[in-house]
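> Here the sequence shown is numbered in our numbering, starting from 6 and rising by one per residue. A virtual CB, placed ideally from N, CA and C, is assigned to each residue, including glycine. A single structure is presented below for examination.
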Amino acid sequence: MTNPDQLRRRGRQAVRAVGFVLYVLLCCEVLIRLVSHFMQLYDIEMLRYARDLKVRSSQPGLSHEHRARRSAHLMGVEIALNSLGHRSPELAQPKPPNEKRVYFMGSSITLGWGVAEDQAFPALVVSQLNQDGRGAGAPAFVAVNAGVGNYNTVHEVDLLARQMDQVQPDLVVLQYYLNDAEIKPGAPDNLLLAHSLFLAYLTQRVKVAASLRRGSLVDYYRGLYGPGRPGWQQAVAALARLRALCHDRRLPLVAALVPEVHDLRPNGPYQPLYEQIKGAMAEQGVRVIDTTPALQAAFAAAPESAWVGRDDPHPSAAAHAVIARVLASALLADPIGVGVGDASPAAPGR
6 MTNPDQLRRR GRQAVRAVGF VLYVLLCCEV LIRLVSHFMQ LYDIEMLRYA RDLKVRSSQP
66 GLSHEHRARR SAHLMGVEIA LNSLGHRSPE LAQPKPPNEK RVYFMGSSIT LGWGVAEDQA
126 FPALVVSQLN QDGRGAGAPA FVAVNAGVGN YNTVHEVDLL ARQMDQVQPD LVVLQYYLND
186 AEIKPGAPDN LLLAHSLFLA YLTQRVKVAA SLRRGSLVDY YRGLYGPGRP GWQQAVAALA
246 RLRALCHDRR LPLVAALVPE VHDLRPNGPY QPLYEQIKGA MAEQGVRVID TTPALQAAFA
306 AAPESAWVGR DDPHPSAAAH AVIARVLASA LLADPIGVGV GDASPAAPGR
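Right, here's the structure in full:
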């Protein structure tokens with residue numbers, strides 16, 4: 006039978022063990038906060054983005070959304086959000102008669118993660134349209150950057166449907182990336198992970214390690230787009246809904262395909278997936294502007310040069326410039342009815 010002295014001794018040992026664990030966690034927390042203060046760590050910056058600029062959405066279909074009128078310094082640049090949660094200046098209300106609004110929908114690539122607002126492709130495209138499309142009575146184009154990190158196509162369409170009347174767009178540009186067919190449930194409410202950078206970082210690293218053990222990135226994406234895969238089916242259904250939304254408003258719609266930047270070799274392993282995506286969009290009547298060939302030509306020899314950071318494969322400012330040049334050139338060469346160029350208005354959603 007255990008005597009009182011043994012119980013007290015075991016109790017003291019348990020307290021010391023717990024105290025040691027808490028001390029180690031505290032040291033790790035201090036260390037990672039200190040290191041991340043002087044170095045840009047991708048996972049930590051993303052955690053800060055979620056903490057400072059995102060909020061759980063009360064809207065059906067949306068897991069999260071941007072906080073209105075908030076800003077944060079992330080990956081070396083300022084991300085400032087307007088009253089609609091867009092990384093754009095406030096829209097004039099009422100809408101000026103000669104203003105044409107281009108609504109860019111997408112995830113962190115559209116947002117311009119890691120690059121300045123004026124270096125992200127939405128701002129660059131509109132700048133090019135305003136420069137090259139100028140003439141007597143030409144419209145003034147305005148970029149609406151509705152990119153939200155960790156959104157997929159389903160979320161993006163839900164956000165557009167919610168904001169359509171407020172924004173009053175004249176053209177919709179859907180930026181599509183391979184991971185847009187992922188099913189992305191909302192993050193669970195966890196106060197510990199929300200306030201501890203170390204534990205959140207450790208959790209993310211464990212998830213990444215677990216995913217790598219299941220196979221390569223190529224294998225992962227091939228599985229994502231396999232027959233009957235629910236994420237891909239949801240993405241195709243969202244495309245159909247987007248096409249219907251734009252058609253009902255007589256609103257031109259184009260899709261900008263951005264390739265997987267880990268491998269930019271021509272005829273690389275992702276090419277069949279790009280063709281599958283473009284085929285699905287064509288079936289929905291969505292015009293596709295493929296930025297893949299231009300990005301391959303610019304960065305195939307060294308894909309990392311298209312990255313915003315050594316451990317962050319989001320497109321760099323140079324890659325955004327390539328994307329913008331392709332989009333603007335396509336819009337100027339083949340007008341779609343929003344005052345670009347000299348051609349007559351085209352049918353909605355051409």
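Can you find the residues in the same chain that come closer than 7 Å, C-beta to C-beta, to THR297, ignoring five residues on each side of it along the sequence?
In the sequence shown, counting from the first residue as 1, residue 297 sits at position 292. Taken in chain order, the residues that qualify are LEU262, PRO264 and TYR279.
> Whole angstroms is fine: what's the gap from ASP316's alpha carbon to LEU46's?
If you number the sequence shown from 1, residue 316 lands on position 311. If you number the sequence shown from 1, residue 46 lands on position 41. Near 8 Å, if we compare the C-alpha coordinates of LEU46 and ASP316.
> Rounded to a whole number of angstroms, what is the C-alpha to C-alpha distance between ALA335 and ILE294?
Walking along the sequence shown from the start, residue 335 turns up at place 330. Walking along the sequence shown from the start, residue 294 turns up at place 289. Cα to Cα, ALA335 sits roughly 7 Å from ILE294.
> Measuring straight from C-alpha to C-alpha, what distance separates PRO257 and ASP175?
As a first step, residue 257 must be located in the sequence shown, where it is residue number 252. As a first step, residue 175 must be located in the sequence shown, where it is residue number 170. Roughly 7 Å between the two C-alpha positions.
> Is it right to say TYR206 is buried, meaning 16 or more other beta carbons lie within 10 angstroms of its own, or is it exposed?
The count along the sequence shown starts at 1 and reaches residue 206 at position 201. The residue is buried, with at least 16 neighbouring Cβ atoms inside 10 Å.
> Distance, Cα to Cα, SER112 vs ALA338?
Here residue 112 refers to the residue found at position 107 when the sequence shown is read from its first residue. Here residue 338 refers to the residue found at position 333 when the sequence shown is read from its first residue. Going by the C-alpha atoms only, they are around 27 Å apart.
> What separation, rounded to the nearest whole angstrom, lies between the Cα atoms of VAL153 and GLU70?
Position 148 of the sequence shown holds residue 153. Position 65 of the sequence shown holds residue 70. Spanning the two alpha carbons is a distance of roughly 7 Å.
> Tell me which same chain residues have a C-beta within less than 7 Å of the C-beta of ALA19, skipping the five on either side of it?
One-based indexing of the sequence shown puts residue 19 at position 14. Around ALA19: no qualifying Cβ.
> Does DSSP put GLU83 in a helix, a strand or coil?
Numbered from its first residue, the sequence shown carries residue 83 at position 78. GLU83: strand per DSSP, three-state reduction.
> Using the C-alpha atoms, what's the distance from PRO318 back to TYR309?
In the sequence shown, residue 309 corresponds to position 304, counting from 1. In the sequence shown, residue 318 corresponds to position 313, counting from 1. Per the sequence presented here, residue 309 reads as Glu, with Tyr not at that position. Going by C-alpha positions, GLU309 is about 7 Å away from PRO318.
> Can you find a C-beta in chain B that's less than 8 Å from the C-beta of CYS251?
No chain B appears in the structure shown, which is made up of a single protein chain.
> Let me confirm a value: PRO127 is counted as buried when at least 16 other C-beta atoms fall within 10 Å, else exposed. Which label applies?
The residue given as residue 127 occupies position 122 in the sequence shown. PRO127 comes out buried.
> Is it right to say GLY117 is buried, meaning 16 or more other beta carbons lie within 10 angstroms of its own, or is it exposed?
The sequence position of residue 117 within the sequence shown is 112, counting from 1. The residue is buried, with at least 16 neighbouring Cβ atoms inside 10 Å.
> Are there 16 or more other CB atoms within 10 angstroms of the CB of TYR28, so buried, or fewer, so exposed?
Counted from its first residue, the sequence shown places residue 28 at position 23. TYR28 should be labelled exposed.
> Exposed or buried, what is CYS106 when buried is set at 16 or more other beta-carbons lying within 10 Å of its beta-carbon?
Taking the first residue of the sequence shown as position 1, residue 106 is located at position 101. The identity of residue 106 in the sequence shown is Arg, whereas the question assumes Cys. Under this definition ARG106 is a buried residue.
> My guess is that LEU250 and PHE304 are in contact by the Cβ rule of under 8 Å, so how many angstroms apart are they, rounded?
Locating residue 250 in the sequence shown gives position 245, where the first residue counts as 1. Locating residue 304 in the sequence shown gives position 299, where the first residue counts as 1. About 34 Å separates the two Cβ atoms, so there is no contact after all.
> On a CA-only basis, which of GLN289, CYS33, LEU31 and MET80 is nearest TYR54? Give me that one, please.
Taking the first residue of the sequence shown as position 1, residue 54 is located at position 49. Measuring from the Cα of TYR54, the nearest candidate turns out to be MET80.
> For HIS78, count neighbouring C-beta atoms within 10 Å of its own C-beta (all shown protein chains included) and say buried if the count is 16 or more, exposed if not.
Position 73 of the sequence shown holds residue 78. By the neighbour-count rule (16 or more Cβ atoms within 10 Å), HIS78 is not buried but exposed.
> What's the gap between the Cα of ASN155 and the Cα of PRO9?
Looking up residue 155 in the sequence shown gives position 150. Looking up residue 9 in the sequence shown gives position 4. If you take the alpha carbons of ASN155 and PRO9, they lie about 55 Å apart.
> Tell me the DSSP bridge mates of VAL259?
The count along the sequence shown starts at 1 and reaches residue 259 at position 254. In DSSP, VAL259 forms a bridge with VAL178 and ARG292.
> Would you grab the beta carbon distance between TYR108 and ALA151 for me? Rounded to a whole angstrom, and I think it's under 8 Å.
Along the sequence shown, one-based indexing puts residue 108 at 103. Along the sequence shown, one-based indexing puts residue 151 at 146. Indeed, because the Cβ distance is near 6 Å, the residues count as touching under 8 Å.
> Whole angstroms are fine: how far does the CA of ASN87 sit from the CA of ILE328?
If you number the sequence shown from 1, residue 328 lands on position 323. If you number the sequence shown from 1, residue 87 lands on position 82. Going by the C-alpha atoms only, they are around 24 Å apart.
> With H, G and I counted as helix, E and B as strand and the rest as coil, what does DSSP make of GLU70?
As a working mapping, residue 70 is identified with position 65 in the sequence shown. GLU70: strand per DSSP, three-state reduction.
> Ordered along the chain, which non-local residues of its own chain (more than five positions away) have a Cβ less than 7 Å from that of HIS91?
Counted from its first residue, the sequence shown places residue 91 at position 86. Same-chain partners within the cutoff: VAL149, ASN150 and ALA151.
> Excluding the five sequence neighbours on either side, which residues of its own chain have a C-beta within less than 8 Å of the C-beta of LEU222, listed in chain order?
Along the sequence shown, one-based indexing puts residue 222 at 217. Answer for LEU222: GLU265 and HIS267, listed in chain order.
> Using a 10 Å radius around the Cβ and a threshold of 16 neighbouring Cβ atoms, would you call ALA22 buried or exposed?
Numbered from its first residue, the sequence shown carries residue 22 at position 17. Looking at its Cβ environment, which holds fewer than 16 other Cβ atoms inside 10 Å, ALA22 is exposed.
> Measuring only the C-alpha atoms, how far is VAL211 from GLU161?
The sequence position of residue 211 within the sequence shown is 206, counting from 1. The sequence position of residue 161 within the sequence shown is 156, counting from 1. So the alpha carbons of these two residues sit roughly 28 Å apart.
> What does DSSP give as the partner residue(s) for HIS78 in the beta ladder?
Sequence index remark: in the sequence shown, residue 78 carries index 73 (1-based). HIS78 pairs with GLU83.
> Given this structure, state the Cα-to-Cα distance separating ASP137 from LEU202, to the nearest angstrom.
Your numbering for residue 137 matches position 132 in the sequence shown. Your numbering for residue 202 matches position 197 in the sequence shown. Take the alpha-carbon of ASP137 and the one of LEU202: they are about 46 Å apart.
> I'd like to confirm the pairing. Which residues does DSSP put opposite PHE146 in its beta bridges?
In the sequence shown, the residue the question calls residue 146 occupies position 141. Looking at the DSSP assignment, PHE146 forms a beta bridge with LYS105.
> Secondary structure at GLY377, three-state DSSP: helix, strand or coil?
Here the chain covers residues 6 to 355 and nothing more, so residue 377 does not appear.
> Indicate the three-state DSSP secondary structure (helix, strand or coil) for LYS189 in the structure shown.
Walking along the sequence shown from the start, residue 189 turns up at place 184. Coil at LYS189, not helix or strand.
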